[in-house]
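Throughout the sequence shown, residue numbering follows the numbering used here, covering 77 to 242 in sequence. All C-beta atoms in this analysis are idealised placements derived from N, C-alpha and C, irrespective of residue type, glycine included. One structure is given here, and the rest of the page talks about it.
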Amino acid sequence: MLDIGGNSGEFALQICKKHPGISAAVFDLPLVCDIGAEHLRAEPESSRIVFIKGDALKERLPSGFDLISFKSMLHDWPDKEAGQLIANAARSLPAGGTLLIFERGPIEVAGEAVPYSMIPFLLFFRSYRSPLFYAGVLKDNNFGGIDMEKINLETPFYLITARKMF
Numbered sequence: 077m078l079d080i081g082g083n084s085g086e087f088a089l090q091i092c093k094k095h096p097g098i099s100a101a102v103f104d105l106p107l108v109c110d111i112g113a114e115h116l117r118a119e120p121e122s123s124r125i126v127f128i129k130g131d132a133l134k135e136r137l138p139s140g141f142d143l144i145s146f147k148s149m150l151h152d153w154p155d156k157e158a159g160q161l162i163a164n165a166a167r168s169l170p171a172g173g174t175l176l177i178f179e180r181g182p183i184e185v186a187g188e189a190v191p192y193s194m195i196p197f198l199l200f201f202r203s204y205r206s207p208l209f210y211a212g213v214l215k216d217n218n219f220g221g222i223d224m225e226k227i228n229l230e231t232p233f234y235l236i237t238a239r240k241m242f
C-alpha cells in the first residue's frame, strides 16, 4: 500500500495493525516524513511501514504497490491539482490495482444552526467536493469498477474505490 500525503503514518499504521500481511509506504514532504517516522518508531508495525520523501504533485510516484490511497488529502488542493495528483497515482499503479480515496463531502450549512465544534471544518467547506468529481477524474484516468460509499462521521465522508483498467 502507498498512502500519498500520509502525514504521520497513522492511517498506514492502523491498516497494518488490522492486516498483518500488508506492508505500507507513506509518501509525503521530507519534514513530514521525518515527523511521521518518529511518531511510529515505537510501534511493532513500524518495520512494515516506510516513509518516502517527495512532492506528489511534482515528482514521479513510486511504483510496485497494488493499492494507492489518498486519505483526507485531496480537498487541500484546487480541482486541477487534485486531478493531477490522481493522474500521478494512476501512472504508478499497475493494471488491476486499486485506488482508494477517503474525503469529506460537501457540508450543507445554509439555513441551519451549526455547532461551534464544526468551526474548524467550515474553514474548508468550499473545498469538500462531491464524490462525482472524483468519479469523473477516475474515469478520465482509465479506472473502472468505481464504488462510492457515504459515511456519516458528524460530517459526510465518502469512501471511493476504483480499479485501474489498463
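Please list the terminal residues of the continuous alpha helix (DSSP H) segment that includes residue i.
| i | result |
| --- | --- |
| ARG167 | 155 to 168 |
| VAL213 | 207 to 216 |
| LEU89 | 86 to 94 |
I'd like to confirm the pairing. Which residues does DSSP put opposite residue i in its beta bridges?
| i | result |
| --- | --- |
| SER102 | Reading off the sequence, residue 102 comes out as Val, not Ser. DSSP output for VAL102 lists ASP79 and PHE127 as bridge partner(s). |
| ILE236 | ILE177 and MET224 |
| ILE144 | LEU78 and LEU175 |
| GLU229 | The sequence given here has Leu at residue 229, not Glu. THR231, per the DSSP bridge assignment. |
| PHE76 | Beyond the ends of the chain as shown, which are 77 and 242, falls residue 76; an answer cannot be given. |
Report the residue from the options whose alpha carbon sits nearest the alpha carbon of residue i.
| i | options | result |
| --- | --- | --- |
| PRO232 | SER193, LYS240, ILE183 and PHE209 | ILE183 |
| GLY181 | LYS226, ASP104 and ALA88 | LYS226 |
| LEU105 | LYS147, SER145, GLU119 and GLY81 | GLY81 |
| GLY172 | ALA100, ASP110, ASN83 and ILE222 | ILE222 |
| PHE127 | ALA113, GLY140 and GLU121 | ALA113 |
| ARG136 | ILE162, LYS147 and PRO120 | ILE162 |
| MET194 | SER203, GLU230 and PHE209 | GLU230 |
| LYS134 | ASN164, ILE111, ASP152 and LYS156 | ASN164 |
| ASN83 | ILE125, LEU169, LYS93 and SER203 | ILE125 |
| SER168 | GLY140, GLU188 and TYR192 | GLY140 |
| ILE98 | PHE209, ILE111 and MET77 | MET77 |
Measure the C-alpha to C-alpha separation of residue i and residue j and round it to an integer number of angstroms.
| i | j | result |
| --- | --- | --- |
| VAL190 | PRO196 | 12 Å |
| PRO138 | ASN228 | 32 Å |
| GLY85 | LEU175 | 18 Å |
| PRO154 | ARG205 | 10 Å |
| ASP79 | LEU143 | 8 Å |
| VAL108 | ASP216 | 30 Å |
| SER145 | ALA118 | 24 Å |
| LYS129 | VAL102 | 8 Å |
| PRO120 | GLY220 | 36 Å |
| LYS93 | PRO170 | 25 Å |
| ASP110 | ALA238 | 31 Å |
What does a CB cutoff of less than 7 Å around residue i pick up in its chain, not counting 5 residues either side in sequence?
| i | result |
| --- | --- |
| ASN70 | Past the boundaries of the shown model lies residue 70; the chain is included only from 77 to 242, so the question cannot be answered. |
| MET224 | PRO207, ALA211, TYR234 and ILE236 |
| SER122 | LEU116 |
Looking at residue i and the ligand ZN, is the gap between the Cβ and the nearest heavy atom below 7 Å?
| i | result |
| --- | --- |
| ALA166 | In the structure on display, the ligand ZN does not appear, and there are no ligands present to speak of. |
Looking only at its own chain, which residues have a Cβ that is under 6 Å from the Cβ of residue i, when we skip the five neighbours before and after it?
| i | result |
| --- | --- |
| PHE87 | ASP79 and LYS147 |
| LEU150 | ALA158 and GLU179 |
Within the same chain, show all residues whose beta-carbon is closer than 8 Å to that of residue i, passing over the 5 residues directly before and after it, in chain order.
| i | result |
| --- | --- |
| VAL213 | ALA158, GLY159, ILE162 and ALA163 |
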